[in-house]
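Mind the numbering: the sequence shown is residues 29 to 147 in this note's numbering, read in order. C-beta: ideal position from N, C-alpha, C; glycine also. Keep in mind it's a predicted model, so treat the numbers as computed, not measured. See structure below.
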Amino acid sequence: MEAAQGFFQDSRMPDGFFRPSEEYVISSLNGTDKALFDAHPIAAGANQGAVNTYTPDTNSADFSSPCKLYEDFVNDTIKGLYPDPTGALKDALKANIHTLFVGFNVSTPGCTEQFPYGM
């Protein structure tokens, strides 16, 4: 609890916290992430208003389609949260969406960069 309070109240990392010495990309896991997801497959979906009514969403992206993950996150989630930003917020969103694309493109070359707020 003390570490959490220090983090949120004082913006201080807990004692013994160290950042990794290398950049993290999916490929640095050497396929262990795929093995984990293959061993415990759970299709994306949701309960349909009641307990034990979990229904897979066949349109949802999963880890086997990283470009769709990126595109859906940008065009559905971000655009849904910020439908019509202006000024500094719009500039920041455009810059952060580009940074997200660069990260995805490093681990999954071939994705198409999305520009929901223009270039």
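At least 8 Å separates the beta-carbon of Asn-87 from that of Pro-144. Where Glu-30 is concerned, the enclosing alpha helix (DSSP H) starts and stops at 30-38. Per DSSP, reduced to three states, the secondary structure at Ala-74 is strand. Under the three-state reduction of DSSP, Thr-83 is assigned to strand. Boundaries of the alpha helix (DSSP H) around Ile-125: 115-135.
For the set Ala-116, Phe-101, Gly-115, the Cα lying nearest the Cα of Leu-109 is the one of Phe-101. With distances taken between CA atoms, Lys-122 lies nearest to Ile-106 out of Asn-133, Asp-85, Ile-106.
DSSP, reduced to helix, strand and coil, places Glu-50 outside both helices and strands of the structure shown, so it counts as coil. Taking Ser-93 as reference, the option from Met-41, Phe-35, Phe-132 with the minimal CA-CA separation is Phe-132. Of the candidates Gly-73, Asp-119, Ser-49, the residue whose Cα lies closest to the Cα of Thr-83 is Gly-73.
Within its own chain, the residues whose Cβ lies closer than 8 Å to the Cβ of Arg-40, once the five positions on either side in sequence are excluded, are Gly-34, listed in chain order.
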